[in-house]
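Below is one structure, written out as structure tokens; the observations come after it.
4 protein chains.
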Amino acid sequence: MSQPDSIPNVLAERYATPAMRALWSGEGKVRLERDYWIAVLKGQRDLGIPVPDGVIEAYEKVKDQVNLNAIMERERVTRHDVKARIEEFCDLAGHEHIHKGMTSRDLTENVEQLQTFRALLEVRKKSIAVLAGLARRAQQTRDIPFTARTHNVAAQVSTLGKRLAMFGEELLLGVQALESLIQSYPARGLKGAVGTRLDQITLFNGDVSKARALEDRVLHHLGIHAALDCVGQVYPRSLDMQVVSTLVHVASGPGSFAKTLRLMAGHELASEGFAKGQVGSSAMPHKMNSRSCERINGFHVILKGYLAMAAGLAGDQWNEGDVSCSVVRRVMLPDAFLAMDGLLETTLTVLNQMEVFEAVVEQELMRYLPFLLTTTVMMEAVKAGAGREAAHEAIKIHAVQVARDMRTGKVAQNDLFARLAADERLGLKAEAFEALIAQGRANAGDAAEQVDHFAKRVSELTAAHPDAAEYQPGSIL
Amino acid sequence: MSQPDSIPNVLAERYATPAMRALWSGEGKVRLERDYWIAVLKGQRDLGIPVPDGVIEAYEKVKDQVNLNAIMERERVTRHDVKARIEEFCDLAGHEHIHKGMTSRDLTENVEQLQTFRALLEVRKKSIAVLAGLARRAQQTRDIPFTARTHNVAAQVSTLGKRLAMFGEELLLGVQALESLIQSYPARGLKGAVGTRLDQITLFNGDVSKARALEDRVLHHLGIHAALDCVGQVYPRSLDMQVVSTLVHVASGPGSFAKTLRLMAGHELASEGFAKGQVGSSAMPHKMNSRSCERINGFHVILKGYLAMAAGLAGDQWNEGDVSCSVVRRVMLPDAFLAMDGLLETTLTVLNQMEVFEAVVEQELMRYLPFLLTTTVMMEAVKAGAGREAAHEAIKIHAVQVARDMRTGKVAQNDLFARLAADERLGLKAEAFEALIAQGRANAGDAAEQVDHFAKRVSELTAAHPDAAEYQPGSIL
Amino acid sequence: MSQPDSIPNVLAERYATPAMRALWSGEGKVRLERDYWIAVLKGQRDLGIPVPDGVIEAYEKVKDQVNLNAIMERERVTRHDVKARIEEFCDLAGHEHIHKGMTSRDLTENVEQLQTFRALLEVRKKSIAVLAGLARRAQQTRDIPFTARTHNVAAQVSTLGKRLAMFGEELLLGVQALESLIQSYPARGLKGAVGTRLDQITLFNGDVSKARALEDRVLHHLGIHAALDCVGQVYPRSLDMQVVSTLVHVASGPGSFAKTLRLMAGHELASEGFAKGQVGSSAMPHKMNSRSCERINGFHVILKGYLAMAAGLAGDQWNEGDVSCSVVRRVMLPDAFLAMDGLLETTLTVLNQMEVFEAVVEQELMRYLPFLLTTTVMMEAVKAGAGREAAHEAIKIHAVQVARDMRTGKVAQNDLFARLAADERLGLKAEAFEALIAQGRANAGDAAEQVDHFAKRVSELTAAHPDAAEYQPGSIL
Amino acid sequence: MSQPDSIPNVLAERYATPAMRALWSGEGKVRLERDYWIAVLKGQRDLGIPVPDGVIEAYEKVKDQVNLNAIMERERVTRHDVKARIEEFCDLAGHEHIHKGMTSRDLTENVEQLQTFRALLEVRKKSIAVLAGLARRAQQTRDIPFTARTHNVAAQVSTLGKRLAMFGEELLLGVQALESLIQSYPARGLKGAVGTRLDQITLFNGDVSKARALEDRVLHHLGIHAALDCVGQVYPRSLDMQVVSTLVHVASGPGSFAKTLRLMAGHELASEGFAKGQVGSSAMPHKMNSRSCERINGFHVILKGYLAMAAGLAGDQWNEGDVSCSVVRRVMLPDAFLAMDGLLETTLTVLNQMEVFEAVVEQELMRYLPFLLTTTVMMEAVKAGAGREAAHEAIKIHAVQVARDMRTGKVAQNDLFARLAADERLGLKAEAFEALIAQGRANAGDAAEQVDHFAKRVSELTAAHPDAAEYQPGSIL
């Protein structure tokens with residue numbers, strides 16, 4: 001890595017947190033592998049394979065002496081990465097007892113699955129933190145009347161809190177899929193070169209039960225709940241696809257949230273905020289760019305690319321497996337999790353810093369509310385004695401004219417209700433319209449209850465995962 | 001559809017079954033919609049909305065009179081597909097009572113989810129049928145010694161049954177994800193234009209509990225277990241992505257199986273078989289092409305394309321939603337399920353017709369077995385008194401030479417064991433090698449037990465889904 | 001196709017034009033195939049293969065009698081689609097002379113390439129029509145001062161015409177790539193089962209030159225300029241990927257345009273317009289939804305999915321080729337072009353109907369212009385004698401305060417210049433600010449010249465393709 | 001980068017060459033940026049902007065003092081990467097003259113395009129080297145009779161050289177698309193924040209021609225032939241997609257070649273070879289795994305993932321652009337080129353080291369040749385007086401029986417011709433069959449001429465790019 005023009009992993013360097021980096025770094029992986037080898041060796045010893053005294057201790061003593069350059073030097077000679085790491089560890093320990101009865105994939109499959117599994121736990125933690133942030137923000141804005149939009153055009157009244165809870169509910173679905181994956185995620189286990197457990201069975205002189213017992217111990221060491229039984233050299237790569245597609249799923253709630261916040265910023269309804277001390281550009285101090293939300297959307301595009309890679313491997317196993325997937329997984333697995341980590345950190349930061357400009361929210365509502373209430377006006381006019389057809393026609397003509405006048409600059413404000421009050425066909429007075437406006441602002445159905453419902457579900461999750469609830473993002477670029 | 005140069009949906013026409021087509025056809029959808037409207041109308045009536053006598057009956061009487069051309073004519077006028085279908089149904093019934101308090105999406109979202117949900121059930125049925133077929137085939141070949149390959153090169157002994165069970169276990173993982181999705185799949189429900197339930201609440205004079213009760217009845221009609229609470233105009237499109245990614249997942253076991261069967265056919269170890277009466281080409285009557293397996297792999301590529309479409313929509317919601325997803329979902333949802341249906345039908349057919357050529361399996365084993373047993377030879381030689389290093393060197397030199405002689409045509413058969421028997425450094429007699437061969441053929445670890453374990457898990461599924469176990473594919477092209 | 005629950009190709013039925021449908025319909029393909037067979041037969045006759053008198057005439061007489069159902073019946077028996085079509089044609093003609101020395105792929109590869117090639121020409125025509133529409137619109141709005149946005153936030157002055165020309169220039173890049181593809185697109189030709197031309201050479205008694213001459217005649221019939229020389233059973237599938245990726249490329253200019261028009265509609269700066277007679281919903285007559293622009297973006301997502309399918313086939317050739325690509329190409333090729341056709345038709349319609357609300361454009365400009373001119377104010381203040389640092393500080397404080405006051409509703413209009421005029425530190429009078437505004441409105445650099453430059457390039461294209469320039473879209477749903 | 005658990009870019013570290021790394025490393029990019037700033041500054045000076053003496057020299061003196069850590073420290077404060085790099089460069093030089101009249105994108109867009117452009121040139125060089133390797137190998141094996149396969153099953157005779165040339169021709173198509181891209185690739189140029197050139201025009205006191213002249217000089221510095229005229233803040237991202245899709249295209253010939261070589265290795269027809277000193281595993285010294293070919297296929301999957309990212313950005317421009325693409329391009333652009341570099345290096349290595357086992361090729365041919373010649377046998381039998389129907393029936397029955405006997409182990413060799421010679425219905429003697437075999441081996445049509453044709457086209461390319469022809473890959477892992 002000290003070679004000229006070395007290139008760091010940009011996702012790790014710029015966006016991911018130390019915790020996620022530690023799972024995927026070269027050093028981190030070597031540490032996991034060595035722990036794994038020692039766990040296998042202990043299991044073998046406990047099940048009767050002779051291991052001289054002091055050997056395990058010797059491995060444990062050196063296991064943290066990780067020198068990636070030395071390992072790479074070995075690999076350039078052997079052209080075999082696992083062999084290089086075995087030799088390095090054994091030379092450090094002064095023994096050759098690890099990796100007994102194991103094939104390379106007995107090591108790498110399980111350790112990579114362990115990285116994946118722990119990374120999923122990390123994603124769960126931060127996703128719940130995002131949910132907590134959304135719930136907090138939604139509760140704060142639970143009752144702020146708000147112009148909901150469809151087709152990017154004013155459609156009906158809602159509340160700001162409900163909009164936020166809506167994105168939260170999308171994330172809840174993702175977290176539910178994630179939880180299901182965590183519970184069912186199976187490890188490949190110690191199955192040998194083609195999955196028959198031959199070498200471990202041979203090591204135990206044909207005792208299949210001991211080979212299976214060894215595997216159980218190793219799985220216990222990994223902390224993974226489930227195991228595959230009938231595999232080849234590798235675990236099915238469709239499992240990787242399920243992992244990455246679940247990441248894309250989890251990222252979708254934040255993705256929709258970020259996209260909508262970018263739209264809202266364009267209308268000055270809200271802003272993702274500034275970090276303390278941050279300013280807009282010197283030329284345009286007012287300019288509050290949605291850089292972080294744009295970045296969230298960018299991370300989502302990245303994740304979808306890794307999903308394409310994962311899908312490219314799924315269902316393409318030749319015989320008992322080969323390594324055409326190897327280089328893909330070296331890139332896709334770490335990078336998908338590093339991008340996901342950046343996405344969640346960025347989302348948490350936005351949730352901490354975002355600002356809502358309530359006055360602009362109110363201005364927007366007043367601009368559109370009369371349009372949104374035309375149906376109500378008609379019902380009131382009919383109640384007051386107007387003919388249905390006449391009322392409908394009058395309202396339609398005025399509404400279209402007001403829209404046109406606003407678009408042509410003839411009027412600056414929406415004066416539809418003033419015009420309707422002046423139209424005798426409707427028979428409604430100005431006070432009636434004032435009442436309608438007051439009532440219309442509150443016409444958000446059960447939006448507020450939906451916010452409460454969402455917050456309640458989130459509080460159940462945070463109760464089960466208190467560390468997630470308290471998690472605070474690091475400083476982002 | 002009678003217009004010149006009309007183009008049928010090729011997946012529906014050539015590959016999908018009537019059951020799957022009925023779910024996604026224009027007629028099928030209109031029927032589902034009409035049932036849904038009637039269910040809403042009944043619910044409203046039961047909850048106190050006045051519906052004159054005879055109205056519901058009038059709708060029910062005409063609900064099966066589906067004329068897609070008439071509806072399309074209406075749409076060309078209104079430029080609004082839902083409005084066209086409302087008008088058609090109402091004109092047929094002679095009433096205007098359906099769709100009360102509903103927005104278009106209150107109809108289309110739920111009906112499309114119903115199509116999706118029922119299609120998932122259909123996929124589950126056929127996936128279990130594929131599992132049953134794989135289990136049956138694996139049990140038949142449970143103990144046939146077999147050259148397992150990694151990197152497409154002979155690696156170790158296994159059994160043919162284990163290879164099949166291995167692909168079965170990949171499919172089991174997919175079916176597990178599918179079951180989890182079916183159990184958690186949530187309907188959008190009757191939430192109105194922006195998700196606040198405003199219009200139904202208004203219809204019930206502000207009684208939120210009645211609006212919620214109506215939704216419960218409608219969900220009960222759909223038969224979907226879960227419901228979303230806080231949505232906008234649409235349900236989150238990441239849910240569609242979960243659906244399609246689960247299809248890709250389920251397709252992966254069959255995909256790996258088909259790819260490997262194509263490889264095996266190239267070695268004449270097996271063939272996907274012929275349908276009764278089918279022959280190879282007249283020019284080449286011996287030629288048994290893996291057309292069906294190739295098609296399975298093709299379907300998988302198609303599904304991955306629809307996954308890209310689904311991913312393209314996920315996390316891209318603007319505000320409370322819009323219809324930029326509409327045309328995508330019109331294509332992606334039906335076509336993904338139609339392709340999946342074709343994939344499963346084709347896989348079932350292959351499982352019914354495939355042939356294994358055991359003699360060629362045996363020939364291949366004999367070609368490679370001596371190589372695969374070199375480690376055992378060495379252990380035996382050491383037991384018999386040979387030095388480890390000398391034995392290792394002797395074996396390596398002979399093995400490399402035999403491989404070279406076979407590749408250069410010097411020998412036609414693998415005579416490694418004859419050469420080793422003649423090498424005094426090893427001190428092993430010809431009989432010893434014969435014993436090794438006999439034992440080596442059985443050197444498949446616990447492959448057979450893995451087959452049993454797989455078959456047992458499948459039998460649990462087929463016990464729970466007896467219709468799936470008995471399902472037989474239709475005739476394929 | 002008259003079977004119950006038949007499903008039409010939704011892209012063909014709802015969105016594509018008759019011209020594009022005719023290229024991809026079953027009837028259309030059979031017609032192209034028959035023409036192709038006849039062309040081969042004529043070539044063979046001219047090069048010396050005996051063909052009895054009247055045979056070619058007999059084929060020509062029946063070539064338009066296309067009965068897809070009859071062909072499908074044959075395929076269900078033979079399980080071979082090409083054989084079914086040969087038999088049908090021969091039975092109709094009463095002769096068996098076509099397909100001589102040909103393998104299936106000698107037919108299907110070339111005919112599918114012909115469909116592709118002609119569809120590319122159709123795409124070129126409509127793309128140039130879109131360019132013409134963009135140029136026309138850009139010239140109409142060439143000088144309208146406009147608030148350009150980055151990060152969806154006001155950034156600098158531009159002109160509306162320049163914005164449109166910008167999307168036009170993106171499309172120009174795509175059209176350039178398309179033209180390059182059309183010029184270089186190579187046909188597979190008549191190469192036989194594995195690409196060695198064996199069967200035609202045999203037919204000509206070993207005369208290679210005649211086999212090549214026959215191919216030349218066939219290519220001339222196709223109208224495709226280039227040919228492959230060394231192929232296997234199939235042409236390289238990466239060529240399909242180049243085709244589909246070029247479609248995605250061409251779709252990108254319209255995609256960006258549609259996305260931005262959706263944003264503009266949200267601000268009421270513009271609208272995609274209504275078709276004659278179309279109104280908003282009865283409940284909300286003012287509501288002008290960007291349905292067509294949303295659909296354009298949806299088509300783009302669809303195309304990207306077909307690109308994933310095409311990429312899934314590229315670089316995956318086994319030996320001389322197989323048919324794992326077959327089902328994929330049956331879906332992907334027609335559907336990509338049908339979607340593209342719909343995208344271009346929709347774009348043309350939007351360009352015809354879109355409206356710009358100049359008054360709102362002006363209001364927006366006045367809201368942001370003072371912010372956009374702060375740099376200029378500072379330079380003027382310095383010229384007028386103010387200290388640079390003091391001026392910068394004063395401007396910054398006022399700008400931030402005005403932005404805050406607008407967001408909190410304290411002021412309704414941007415009164416920054418009034419505040420700056422009142423600040424003695426700057427030493428600038430109200431008239432100076434009026435001049436700045438007047439000048440600032442024109443501060444669009446060479447935007448107008450860019451529009452002219454774009455229009456000139458488009459006019460060169462339309463001069464070369466006059467039919468494209470005059471093309472008018474059909475009516476869309 | 002010296003932080004704990006730093007993660008290198010795995011593609012750069014393990015697979016890419018120093019030349020490609022230098023283009024995409026942090027240091028490399030900073031060097032390109034500084035050269036670019038200096039070029040702009042010189043251009044401004046030459047066109048009349050006052051630049052004090054010594055300033056440019058001061059920048060040039062320090063331009064190679066690149067300290068990424070220092071820059072990153074600045075970015076953590078400013079949260080603006082370009083600002084950080086400006087400050088670093090200016091502080092080193094002791095002046096503040098660079099970046100005058102420039103916005104960030106005037107720097108980054110052009111420099112990233114320069115990286116892209118130079119990387120495309122590098123890809124062209126190595127692609128031509130791959131073509132040269134394929135041509136060399138194809139000429140060496142031009143006349144080796146060979147069993148061509150379709151559906152992975154023996155189909156017709158070809159030559160080995162033709163198979164290699166076939167993959168070469170696929171690559172030629174890719175290189176042709178690459179060349180077209182290189183010739184047309186346009187730079188964004190110096191257009192300012194929203195593309196109006198405002199700031200440079202202002203800098204030159206309103207003189208548009210000077211602003212354009214400056215841009216011309218800068219483009220000349222870049223060495224890029226074409227330029228965009230009407231852009232926003234950014235160049236259209238569909239251009240990135242064209243770049244990445246072209247990489248996938250170029251990778252497809254190598255992809256198909258590698259996949260087929262993996263199949264051939266499974267039949268021991270060929271091997272990708274070993275590096276000097278490399279051996280198979282100690283347990284299985286004979287085992288020659290297709291690791292490099294598998295890796296080539298893996299790189300292709302990776303590239304398709306980056307294509308999905310690139311497609312995700314195409315046609316998604318909001319207004320004049322934003323930075324949602326930023327994080328995606330930071331990952332996708334370098335990593336796509338680094339993967340491509342690894343793919344081409346690996347392919348070159350395989351071409352250098354691959355071995356063909358001609359004896360096995362011959363054995364395979366003898367196994368299938370009688371089947372492949374049945375049509376010829378029939379023609380000869382008819383010539384010799386046999387009835388057509390009787391001959392056809394006899395041949396078919398024998399052929400199917402031989403195929404069955406081989407698959408059931410009754411015969412070890414294909415004895416079809418012996419059986420046919422013994423069948424009186426055909427009236428052909430043993431010698432006749434010997435002649436048929438001899439002739440049949442040569443039945444490869446114009447395969448050899450196709451090889452020559454391919455080699456000729458490659459030689460034209462290598463003549464134009466002599467450095468490419470001589471390029472030798474580095475040592476791979």
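In the order they appear, the protein sequences are chains A, B, C and D. According to UniProt numbering, the first sequence is numbered sequentially starting from 1. According to UniProt numbering, the second sequence is numbered sequentially starting from 1. According to UniProt numbering, the third sequence is numbered sequentially starting from 1. According to UniProt numbering, the fourth sequence is numbered sequentially starting from 1. We put the CB at the ideal spot given by N, CA and C, even for glycine.
Residues of chain A with a Cβ closer than 8 angstroms to the Cβ of G28/D are, in chain order, D5.
Short of 8 angstroms from the beta carbon of L351/D, and not among the five residues preceding or following it, lie these beta carbons of its own chain, in chain order: V130, G133, L134, R136, R137. Rounded to the nearest whole angstrom, the CA to CA distance from R149/B to Q156/B is 7 angstroms. For F167/A against E268/A, the beta-carbon gap comes to about 20 angstroms, at or over 8 angstroms, which does not count as contact. By the Cβ-count criterion, R388/A is exposed, with fewer than 16 other Cβ atoms from all chains shown falling within 10 Å of its own Cβ. For R142/B, there are no C-beta contacts with chain C under 9 angstroms, since the nearest C-beta of that chain is about 30 angstroms from it. In the DSSP assignment, Q156/B forms a beta bridge with A148/B. With contacts defined as CB atoms closer than 8 angstroms, Y185/D and A119/D fail to qualify as a contacting pair.
E355/A has S271/A as its beta-bridge partners, per DSSP. Excluding the 5 residues flanking it on each side, H392/A has same chain C-beta neighbours closer than 8 angstroms at M378, in chain order.
Taking a cut-off of 8 angstroms for Cβ pairs, the stretch 322 to 329 of chain D and the stretch 299 to 311 of chain A touch, as three or more such pairs fall below it. The DSSP-derived three-state label of P52/C is coil. Ranked by how close their Cα comes to the Cα of I38/A, the residues Y15/A, D64/A, L160/A have D64/A in first place.
In the structure shown, A226/A adopts extended strand secondary structure according to DSSP, grouped into three states. Checking the DSSP bridge columns, you'll see A187/C partnered with A227/C. Rounded to whole angstroms, the separation of the alpha carbons of R197/D and F89/D is 24 angstroms. If you look at M102/C, you'll find it isn't in any alpha helix (DSSP H); DSSP assigns it neither H nor E. For Q450/C, the enclosing alpha helix (DSSP H) starts and ends at 447 to 464. By the neighbour-count criterion, in which 16 or more other beta carbons inside 10 Å mark a residue as buried, D53/C falls on the exposed side.
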